[in-house]
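Mapped onto our numbering, the consecutive letters of the sequence shown carry residue numbers 1 to 147.
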Amino acid sequence: MRLQTLSEARWILTFFALLAVAASFFALWLSFFFLLLFLCTVAFFRDPERMVPADPSLVVAAADGTVIDIVELDESEVLKTKTRRVGIFLSIFDVHTNRAPIDGRIVYRQHRVGLCLDARRPDCSEKNESITWAFENPRVTVVVRQI
Numbered sequence: 001m002r003l004q005t006l007s008e009a010r011w012i013l014t015f016f017a018l019l020a021v022a023a024s025f026f027a028l029w030l031s032f033f034f035l036l037l038f039l040c041t042v043a044f045f046r047d048p049e050r051m052v053p054a055d056p057s058l059v060v061a062a063a064d065g066t067v068i069d070i071v072e073l074d075e076s077e078v079l080k081t082k083t084r085r086v087g088i089f090l091s092i093f094d095v096h097t098n099r100a101p102i103d104g105r106i107v108y109r110q111h112r113v114g115l116c117l118d119a120r121r122p123d124c125s126e127k128n129e130s131i132t133w134a135f136e137n138p139r140v141t142v143v144v145r146q147i
């Protein structure tokens with residue numbers, strides 16, 4: 001497992017560790033509760049190694065999770081053409097690390113400020129904070145939006 005993503009949680013992990021130690025002086029059950037929160041945070045921020053396909057023409061999923069929809073739409077931000085969108089929902093048990101779906105270079109990156117609505121809401125992709133990347137290689141351009 002890579003530790004780069006886990007290091008982003010260092011303040012949360014430090015907070016839960018200190019609470020677990022402090023709580024051990026008052027109530028052991030409370031210390032175990034904060035230890036459980038610490039372990040859940042480690043699980044949430046995990047970043048396991050992934051096998052990279054040998055075939056460079058393959059497109060892989062940018063995230064772990066469940067495919068919830070595949071729709072044709074007009075992509076107006078980057079490609080400005082009709083394209084196919086694959087929506088992937090991440091539960092709290094899925095790895096929350098996005099990866100490049102193709103071998104290539106980043107040609108576009110845009111952060112959009114927004115709300116923090118429940119990811120299961122149909123309007124969350126238009127209203128929530130997001131970041132969009134476009135990856136390009138000689139064969140294809142792939143747009144990834146993390147919401």
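Beta carbons are placed, not taken as given, at the ideal position from N, Cα and C, and that holds for glycine.
Which two residues bound the contiguous beta strand (DSSP E) that contains residue 10? On the sequence shown, position 10 is the one that residue 10 refers to. It is not in any beta strand (DSSP E) - residue 10 instead sits in the alpha helix (DSSP H) that spans 10-23.
Straight-line Cα distance separating residue 48 from residue 95: As a first step, residue 95 must be located in the sequence shown, where it is residue number 95. As a first step, residue 48 must be located in the sequence shown, where it is residue number 48. Between residue 95 and residue 48, the C-alpha separation is close to 8 angstroms.
Range of the contiguous beta strand (DSSP E) that encloses residue 75: Against the sequence shown, residue 75 aligns to sequence position 75. Run containing residue 75: 66-75, per the beta strand (DSSP E) assignment.
For my contact list, residue 83 and residue 75 are in at a C-beta cut-off of 8 angstroms; report their separation, rounded to the angstrom. By 1-based counting over the sequence shown, the position of residue 83 is 83. By 1-based counting over the sequence shown, the position of residue 75 is 75. Sure, about 5 angstroms apart at Cβ, within 8 angstroms.
Length of the line joining the Cα atoms of residue 102 and residue 70: If you number the sequence shown from 1, residue 102 lands on position 102. If you number the sequence shown from 1, residue 70 lands on position 70. Distance between the alpha carbons of residue 102 and residue 70 is about 19 angstroms.
Jot down the residue ranges of each uninterrupted alpha helix (DSSP H) in the region 88-133, minimum 4 residues, whole runs only, in chain order. 124-127
Near residue 178, which residues of its chain fall below 8 angstroms by C-beta distance, leaving aside the five closest residues on each side in sequence? No statement about residue 178 is possible, as the shown extent of the chain runs from 1 to 147 and does not include it.
For residue 42 and residue 53, the rounded distance between their alpha carbons: Counting from 1 along the sequence shown, the entry for residue 53 is found at position 53. Counting from 1 along the sequence shown, the entry for residue 42 is found at position 42. The straight-line gap from Cα to Cα measures roughly 27 angstroms.
Using the rule of at least 16 other Cβ atoms within 10 Å of the residue's Cβ for burial, across every protein chain shown, is residue 134 buried or exposed? Within the sequence shown, numbered from 1, the residue matching residue 134 stands at position 134. It counts as buried.
Give a yes or no on whether the C-beta atoms belonging to residue 63 and residue 90 are separated by under 8 angstroms. Residue 63 sits at position 63 when you count from the first residue of the sequence shown. Residue 90 sits at position 90 when you count from the first residue of the sequence shown. In contact: residue 63 and residue 90 (Cβ atoms closer than 8 angstroms).
Alpha carbons only, please: which of 33, 40, 88 is nearest the one belonging to residue 120? For the purposes of this step, residue 120 is taken as the residue at position 120 of the sequence shown. For the residues 33, 40, 88, the minimum Cα distance to residue 120 belongs to 88.
If you drop the 5 nearest sequence neighbours on each side, which residues of the same chain put their C-beta closer than 6 angstroms to that of residue 107? Taking the first residue of the sequence shown as 1, we reach residue 107 at position 107. Taken in chain order, the residues that qualify are 134, 136.
Note down, in chain order, each residue of its chain lying with its Cβ closer than 7 angstroms to the Cβ of residue 57, except the 5 sequence neighbours on either side. The residue given as residue 57 occupies position 57 in the sequence shown. Contacts found: 139.
May I ask you to report which of helix, strand or coil DSSP gives residue 144? Within the sequence shown, residue 144 is the residue found at index 144, counting from 1. It is a strand residue.
For residue 135, which residues does DSSP report across the bridge? For the purposes of this step, residue 135 is identified with residue 135 of the sequence shown, where counting begins at 1. 106, 142, per the DSSP bridge assignment.
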